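*Asks:* Protein sequence lines, in the order shown, are assigned to chains A and B.
Quick note on our numbering: the first sequence kicks off at 1343 and runs consecutively.
Quick note on our numbering: the second sequence kicks off at 15 and runs consecutively.
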Amino acid sequence: MFGKTETSAIVGIDARRVTVEADFGDGLPEFDMVGFLGSEVKEARERVRSALKNAGISIPPGRLTVNLSPANLKKQGNAFDLAIALAVLAAVGVLPPALLEPYDFVGELSLDGHLRPVNGTLPHVLSAREAGKSGSVVPKENGREGAVFPDHAVYAFDSLSEVIRFVLSPESAERVPTVEEPQGTQHFGVDFSEIIGQESVKRASSVACAGMHGFLMIGPPGTGKTLTARRIPTILPPLTERERIECTKIYSVAGLLSETEGLVRERPFRSPHHTISTNGLVGGGGIPKPGEMSLAHNGVLFLDELPEFPKSTLEVMRQPLEDKQVVISRVQGSFVFPTRVMLVLAMNPCQCGFYPDRNKCHCSEADVRRYLSRISKPLLDRVDITVEVPRIGKDGISQGRPGKSSSELKEAVIRAWEIQKERYRQERIVFNSELEGRKIRKYCVLTKEGEDFLKEAFEKLELSLRAYDRILKVGRTIADLEGAETIELSHVSEAVAYRSMDRKFWRS
Amino acid sequence: MTERLYYLYLACLNTVYAVSTLRRAAELAGGPEALFEEYDENTSAILGMRPTEEGIRRIRDCRNETFLEKTEKAAKERGIRFVTESEAEYPERLNDLKERPFALFYRGSLPDGKKPAVALIGSRRCSPYGRETAERFGEAFARAGLNVISGMAFGVDGHAGRGAVTVPNASFAVLGSGPDICYPRENLDLYEALKRSGGILSERPPGYYAKSYDFPIRNRLISGLSDAVAVVEAAENSGSLITVNYALEQNRTVFALPGRITDRQASGTNRLLREGAEILTCPEDLIQALGVTVKSDTVYRKKPQLSGAEETVASAVKERALSVDGVLEATGIPVPLLLETLVKLEVKGVIRKSADGLYYSEL
Chain A
1343 MFGKTETSAI
1353 VGIDARRVTV
1363 EADFGDGLPE
1373 FDMVGFLGSE
1383 VKEARERVRS
1393 ALKNAGISIP
1403 PGRLTVNLSP
1413 ANLKKQGNAF
1423 DLAIALAVLA
1433 AVGVLPPALL
1443 EPYDFVGELS
1453 LDGHLRPVNG
1463 TLPHVLSARE
1473 AGKSGSVVPK
1483 ENGREGAVFP
1493 DHAVYAFDSL
1503 SEVIRFVLSP
1513 ESAERVPTVE
1523 EPQGTQHFGV
1533 DFSEIIGQES
1543 VKRASSVACA
1553 GMHGFLMIGP
1563 PGTGKTLTAR
1573 RIPTILPPLT
1583 ERERIECTKI
1593 YSVAGLLSET
1603 EGLVRERPFR
1613 SPHHTISTNG
1623 LVGGGGIPKP
1633 GEMSLAHNGV
1643 LFLDELPEFP
1653 KSTLEVMRQP
1663 LEDKQVVISR
1673 VQGSFVFPTR
1683 VMLVLAMNPC
1693 QCGFYPDRNK
1703 CHCSEADVRR
1713 YLSRISKPLL
1723 DRVDITVEVP
1733 RIGKDGISQG
1743 RPGKSSSELK
1753 EAVIRAWEIQ
1763 KERYRQERIV
1773 FNSELEGRKI
1783 RKYCVLTKEG
1793 EDFLKEAFEK
1803 LELSLRAYDR
1813 ILKVGRTIAD
1823 LEGAETIELS
1833 HVSEAVAYRS
1843 MDRKFWRS
Chain B
15 MTERLYYLYL
25 ACLNTVYAVS
35 TLRRAAELAG
45 GPEALFEEYD
55 ENTSAILGMR
65 PTEEGIRRIR
75 DCRNETFLEK
85 TEKAAKERGI
95 RFVTESEAEY
105 PERLNDLKER
115 PFALFYRGSL
125 PDGKKPAVAL
135 IGSRRCSPYG
145 RETAERFGEA
155 FARAGLNVIS
165 GMAFGVDGHA
175 GRGAVTVPNA
185 SFAVLGSGPD
195 ICYPRENLDL
205 YEALKRSGGI
215 LSERPPGYYA
225 KSYDFPIRNR
235 LISGLSDAVA
245 VVEAAENSGS
255 LITVNYALEQ
265 NRTVFALPGR
275 ITDRQASGTN
285 RLLREGAEIL
295 TCPEDLIQAL
305 GVTVKSDTVY
315 RKKPQLSGAE
325 ETVASAVKER
335 ALSVDGVLEA
345 TGIPVPLLLE
355 TLVKLEVKGV
365 IRKSADGLYY
375 SEL
């Protein structure tokens, strides 16, 4: 006799359809599993056998063969147990095969027949929905995570016997209600208005957000670099539906979703410590898992104490930053994780942090230079905006005052995003920061005044040439913030203000 | 062998023996020529030149006509010239120095002896304020027609040189190494600029890498080549104070820039003032003391036309160095316009931003 269930296997952050077939026939009592299985899937045999027994179902003696297809896809993970158990039940005649057909099953079994939670429920549910299944059966703990689509029912159970009862009489169980979206604005718990002073830094942050420009803050400790970085997600526009699903998939696969949450609601903010490994940053592992860069997808990746990061770690970020995705190749195939992040960096000006305050900083010029040179130049090339974050009150005058709130700043950013979306509809880019080569000439048009000024500024301020394109891109964003067509003198001169790193006092 | 080569011989030995030792030895021998011809590494000890291993080796290597000729030729090929104390081009100001070098090697040109000269020196670890001031004063002195002498070190020296090199043939550096060795390497831009439009001087032969003790010795030439020495910033134990001591010995006027009593980098200059140094609060203080009369429009750049907002910001910064927040509070101009105005003022050369995030008013 033959039984069949459907489930899916996680590959990267997506799930591919997997069919579980079970055949039961005469022969010596045996339980065989085939289909390019990882060792944890092979072990499912023992879990399924015990779980069935402890659920009170005895398998008649005979030859049992289970096949997971397609056979060319390596099956890994703990999510196949439930589907295997049900296929076996259909094969031995306990369940009518037709009743299993409308559903998709994921879950790990314990020996006593309980269902254990799995990672990646959302991708599983998504793939079931796309395959036209009417519902997904998942472990209790994963119910909230999966129940996000009104047109696809998710049923969550605690044990194998509950699932069997459900399959036999579907009307006996309620689907998990889709998560209620709390209305109104998002609550980050932090706000830009809490930062006193540092007006130029706040302005620079909103320009950076408006064009998703890489953003670097240089300043002594305790001046509010980290404070600012944490508030950057609060002025980015809310996630779109598509972005929320993308983010949730990543978090789901990484197993970082809480039980109470549905889709991710807030723009991610990830701040990995500088001791992070390259795999931790870009993703990796035997079964590749998303790294911090992917966890920050659609949000902010904040690297504090930038020069403390090993050069090798930073080097591996270059490609993902460029391509907006990481491709990890393994024998069983390539895994793709998206990495469209806004890069926010912070650093001290020297080892002790107080340069150029010579009453505190005892570093020699060579020390300062060495410290600055630790940062990978190619990474700095991804940074469009650099600002100094000075100690407040250094000049004996500025005390600072609370400035605009996050929601005020966010409005301007949203408008700038819309202008860019409209402008780049024909292009394959979304933000000014992604402009390159020919496109810069096309979209970053300067007024004559602006052009003359820029030439003069280059000479007078001794900017390095690589700053040129970046000034144009940032100028474009500032113009967008004001709704201007061409980049005017005022826009380009403000953009010059954000190129501290190219200035001579940091270079020489 | 020409007379120049005998002096070159002495300059070569100078990397091991002090000038005074060599001078006494040459005197005892009866002149540089006699020293070269009659005393080899074994007999030179009679003249008081200690026969250390290094000294013996140095005399053996250099007491060789072909070697000296080769050195002269190689230097010439690399654009390095030298002038000996017996020649007319030898800087007159050095004549009354006790430890006058036998020869000066140089790239670019020698400072014009008819022009007044000022040594602009200070701490290697200077504050942004010191750095800005050094550049501004360097430029102002050069514009007033003074030669600016410095040591091309990190910090004040380098920035003084950078400010002065904007005027052709007014900026000169005296190195501790040979004139072909750019130390510190980070000042290569200045080094190249001086080569083109100024001068790099040294008493050390080409190819010589400076040892730590060479720098204080070199300092006597910085003060010696100048009529006045101006110290921009110096801590209590700064090497600049060595130069000041030489300057006093050599009868040069010492100027010092006053600083805040809380700044470590001002403790040395403030002490100099207490001990009687001339106060330097603007370039004219020194320019006039040297008897030069210039109109202020040669010293200062022409005032550019300013817009309303620019004028407001410029006068706020003139009051005192300010951060962006400080200017904001003083002027109330909205941030985007303010950032824009600050950059415009910088480009116009009215204010200058420094690494500490403060804006300073240009002179």
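No residue lacks a Cβ here, since even glycine has one placed at the ideal position from N, Cα and C.
All of these numbers come straight from a predicted model, not from anything done at the bench.
Could you tell me the distance, in whole angstroms, from the CA atom of B/Ser368 to the CA atom of B/Ala335?
*Replies:* When rounded, the distance between both Cα atoms is 10 Å.
*Asks:* Near B/Glu68, which residues of its chain fall below 8 Å by C-beta distance, leaving aside the five closest residues on each side in sequence?
*Replies:* Here B/Glu68 has Val30 as same chain residues with Cβ atoms under 8 Å from its own Cβ, once five neighbours each way along the sequence are excluded.
*Asks:* Taking B/Glu324 as the reference, give the member of B/Asp311, B/Leu342 and B/Ser310 with the closest Cα.
*Replies:* B/Leu342
*Asks:* Short of 8 Å in beta carbon distance, which residues of its chain neighbour B/Leu262, apart from the five on each side in sequence? Order them along the chain.
*Replies:* Val268
*Asks:* Assign A/Lys1802 to buried or exposed, taking buried as 16 or more other Cβ atoms, counted over all protein chains shown, within 10 Å of its Cβ.
*Replies:* In summary, A/Lys1802 is exposed, with fewer than 16 beta-carbon neighbours lying within 10 Å of its beta-carbon over all protein chains present.
*Asks:* Which of helix, strand or coil does DSSP assign to A/Leu1777?
*Replies:* A/Leu1777 carries a coil assignment under DSSP once its states are collapsed to helix, strand and coil.
*Asks:* State the Cα-Cα distance for the pair A/Arg1780 and A/Glu1769, rounded to the nearest angstrom.
*Replies:* 12 Å
*Asks:* Answer yes or no: does any C-beta atom of chain B fall closer than 8 Å to that of A/Ala1306?
*Replies:* Examination of residue 1306 of chain A is not possible in this model, given that chain A is present from 1343 through 1850 alone.
*Asks:* Would you check if the distance between the CB atom of A/Val1725 and the CB atom of A/Leu1687 is smaller than 8 Å?
*Replies:* yes
*Asks:* With a CB to CB cut of under 6 Å and the five nearest residues on each side skipped, what residues in its chain are close to B/Val246?
*Replies:* So the qualifying residues of the chain are Gly136, Gly144, Thr147, Ala148, Val170 and Leu271.
*Asks:* Is A/Met1689 buried or exposed, if buried means 16 or more other CB atoms sit within 10 Å of its CB?
*Replies:* Buried: at least 16 other Cβ atoms inside 10 Å.
*Asks:* Run down chain A in chain order and give the residues with a C-beta less than 9 Å from the C-beta of B/Gln279.
*Replies:* Arg1700 and Asn1701
*Asks:* Taking only the alpha-carbon atoms, compute the straight-line gap between A/Pro1610 and B/Ser310 and give it to the nearest angstrom.
*Replies:* 59 Å
*Asks:* State the start and end residues of the unbroken beta strand (DSSP E) segment that holds A/Leu1406.
*Replies:* Arg1405 to Ser1411
*Asks:* Using a cut-off of 7 Å between C-beta atoms, extract the partners of A/Val1360 located in chain B.
*Replies:* Going along chain B, no residue has its Cβ under 7 Å from A/Val1360, so there is no contact; the nearest lies around 55 Å.
*Asks:* Which residues share a DSSP beta bridge with A/His1456?
*Replies:* A/Ser1501
*Asks:* Just checking, does the segment 1358-1378 of chain A make contact with the segment 1399-1408 of chain A on the three C-beta pairs under 8 Å criterion?
*Replies:* yes
*Asks:* Excluding five sequence neighbours on each side, which residues of the same chain lie with their C-beta closer than 8 Å to the C-beta of A/Thr1789?
*Replies:* Thr1828, Ile1829, Glu1830 and Leu1831
*Asks:* Taking the C-alpha atoms as reference points, what is the distance between B/Ser375 and A/Lys1591?
*Replies:* Taking the straight line joining both Cα atoms gives about 55 Å.
*Asks:* Who pairs with A/Asp1356 in a beta bridge, going by DSSP?
*Replies:* A/Val1353
*Asks:* Taking only the alpha-carbon atoms, compute the straight-line gap between A/Arg1458 and A/Thr1681 and give it to the nearest angstrom.
*Replies:* 30 Å
*Asks:* Ordered along the chain, which non-local residues of its own chain (more than five positions away) have a Cβ less than 7 Å from that of B/Leu49?
*Replies:* Counting only residues of its own chain and dropping the five nearest sequence neighbours on each side, B/Leu49 has a CB closer than 7 Å to the CB of Ala39, Ala40 and Ala43.
*Asks:* Classify A/Met1375 as helix, strand or coil using the three-state DSSP reduction.
*Replies:* Strand, per DSSP.
*Asks:* At 7 Å on the CB atoms, spell out the chain B contacts of A/Leu1803, in chain order.
*Replies:* Glu360 and Val361
*Asks:* Among A/Tyr1766, A/Lys1752 and A/Lys1746, which residue has its Cα nearest to the Cα of A/Ile1537?
*Replies:* When each option's Cα is compared against that of A/Ile1537, the closest is A/Lys1746.
*Asks:* Go through its chain and collect everything with a Cβ distance to A/Arg1612's Cβ below 6 Å, but skip five positions before and after it.
*Replies:* Glu1634, Leu1637, Ala1638 and Leu1643
*Asks:* Compare the Cα-Cα distances from A/Glu1516 to each of A/Ser1503, A/Ser1835 and A/Ala1495 and report the closest residue.
*Replies:* Of the candidates A/Ser1503, A/Ser1835 and A/Ala1495, the one whose C-alpha sits nearest the C-alpha of A/Glu1516 is A/Ala1495.
*Asks:* At which residues does the alpha helix (DSSP H) containing A/Phe1651 begin and terminate?
*Replies:* Element bounds for A/Phe1651: n/a, residue is neither H nor E.
*Asks:* Using only CA atoms, which one of A/Glu1664, A/Phe1679 and A/Ile1560 lies nearest to A/Ser1671?
*Replies:* A/Phe1679
*Asks:* Alpha carbon to alpha carbon, how far is B/Pro142 from B/Pro297? Give it in angstroms, no decimals.
*Replies:* 19 Å
*Asks:* Just mark A/His1315 as buried or exposed, buried being the case when its beta carbon has 16 or more other beta carbons within 10 Å.
*Replies:* Here chain A covers residues 1343 to 1850 and nothing more, so residue 1315 of chain A does not appear.
*Asks:* Report all residues from its chain with a CB closer than 8 Å to the CB of A/Ser1850; omit the five preceding and five following residues, and keep chain order.
*Replies:* Summary for A/Ser1850: the model assigns pLDDT 41, below 50, so the residue's position carries little reliability, and this model does not support an answer.
*Asks:* Of the residues B/Ala330, B/Thr355, B/Asp241 and B/Tyr53, which one's Cα is nearest the Cα of B/Ala303?
*Replies:* B/Asp241
*Asks:* Looking at the structure shown, is B/Tyr120 part of a helix, part of a strand, or coil, going by DSSP?
*Replies:* strand
*Asks:* Quick one: using the 10 Å Cβ neighbour count with 16 as the cut-off for buried, is A/Ser1548 buried or exposed?
*Replies:* Classification of A/Ser1548: buried, given that the 10 Å Cβ count is 16 or more.
*Asks:* Within its chain, find whatever has a CB closer than 6 Å to the CB of B/Cys26; leave out the 5 residues flanking it on each side and keep chain order.
*Replies:* In chain order, Cys76 and Pro219 place their CB closer than 6 Å to the CB of B/Cys26, counting only its own chain and leaving out the 5 sequence neighbours on each side.
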